[in-house]
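Visitor: First the structure, then my questions, so here it is.
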Amino acid sequence: MLPPPPRHPPPGQARAARGAVSLRRPFLRSPLGALRLLQLLAGAAFWIPVATSKYQGPVHFALFVAVLFWLLTLALYFLTLFGKHELVPVLGARWLTVNVAHDLLAAALYGAATGIMIDQTQRHSYCNIKDYQLPCAYHAFLAASVFGGLGLCLYLLSALYGCYRRSQGEEVV
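All residue numbers for the sequence shown refer to the working numbering, where the first residue is 7 and numbers rise by one.
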């Protein structure tokens, strides 16, 4: 009597069917790879202090923008790093254009979020006095303002670099 057929394909066949995951090392050393890492660091330095402080009003929008684009940048980074952008329906074929559009939208919304954080920093400047004892979000808002401005510059630089590459006729990141 013959043994029953295996339920799962052998490991080699399963990997070939899904496509092997390979690390694209040139992307790590490229200007866009470095910019993406810096955007992730600046984005985290923007939203983590704000999220851990007491906030209200328009800061909700600024925090939403920072977290949303941090997550989107993280997704773009890893999809590009592992060369899996082709799996994204409709957009995978125009990956460089998608990256430029993401960077331009992020720059615009980071500009608004940074403006909000600058305004909130100025409104909370009263608690920057030496002997002020009550809890205050001034330092968190100040850090968010600085790193929001840095993130805005990084996204603009990334968009300009992507536009330059697009003008050179390149389609991939």
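Cβ coordinates follow ideal geometry from the N, Cα and C atoms, glycine included.
Drop a sphere of 10 angstroms on the beta-carbon of L29, count the other beta-carbons inside from all chains shown, and report buried for 16 or more, exposed for fewer.
Guide: Flag for L29 reads exposed.
Visitor: Quick check on the DSSP output: the alpha helix (DSSP H) that includes Q45 runs from which residue to which?
Guide: In the DSSP annotation of this structure, the continuous segment of the alpha helix (DSSP H) that includes Q45 starts and ends at P37 to A57.
Visitor: What first and last residue would you give for the alpha helix (DSSP H) that runs through S164?
Guide: Y144 to S173
Visitor: Compute the Euclidean distance between the alpha carbons of E92 and A72, then round it to the nearest angstrom.
Guide: 26 Å
Visitor: My understanding is that L158 touches A113, with C-beta atoms under 8 Å, so please give their C-beta distance in whole angstroms.
Guide: The Cβ separation is near 6 Å, so the contact holds.
Visitor: Below 7 Å between beta carbons: does that hold for G154 and T127?
Guide: No, they are not a contact pair.
Visitor: Let me check understanding here. Comparing Cα to Cα, which of R100, Q62, D109 and K60 lies closest to F75?
Guide: D109
Visitor: Which one of L162, L148 and L78 has the shortest CA to CA distance from S59?
Guide: L148
Visitor: So what does DSSP say about A20, is it helix, strand or coil?
Guide: Model confidence at A20 stands at a pLDDT of 42, short of 50, so the residue's coordinates are unreliable and nothing is read from them.
Visitor: Quick check on DSSP: helix, strand or coil for H4?
Guide: The structure shown does not extend to residue 4, since the chain is modelled only from 7 through 179, so no value can be given for it.
Visitor: Please report the straight-line C-alpha distance between A143 and V27, rounded to a whole angstrom.
Guide: So the alpha carbons of these two residues sit roughly 43 Å apart.
Visitor: Whole angstroms is fine: what's the gap from V152's alpha carbon to H130's?
Guide: 15 Å
Visitor: State the DSSP-derived secondary structure class of E92, mapped to helix, strand or coil.
Guide: In the displayed model, E92 falls within a helix according to three-state DSSP.
Visitor: Along the chain, where does the alpha helix (DSSP H) that runs through R129 open and close?
Guide: W101 to R129
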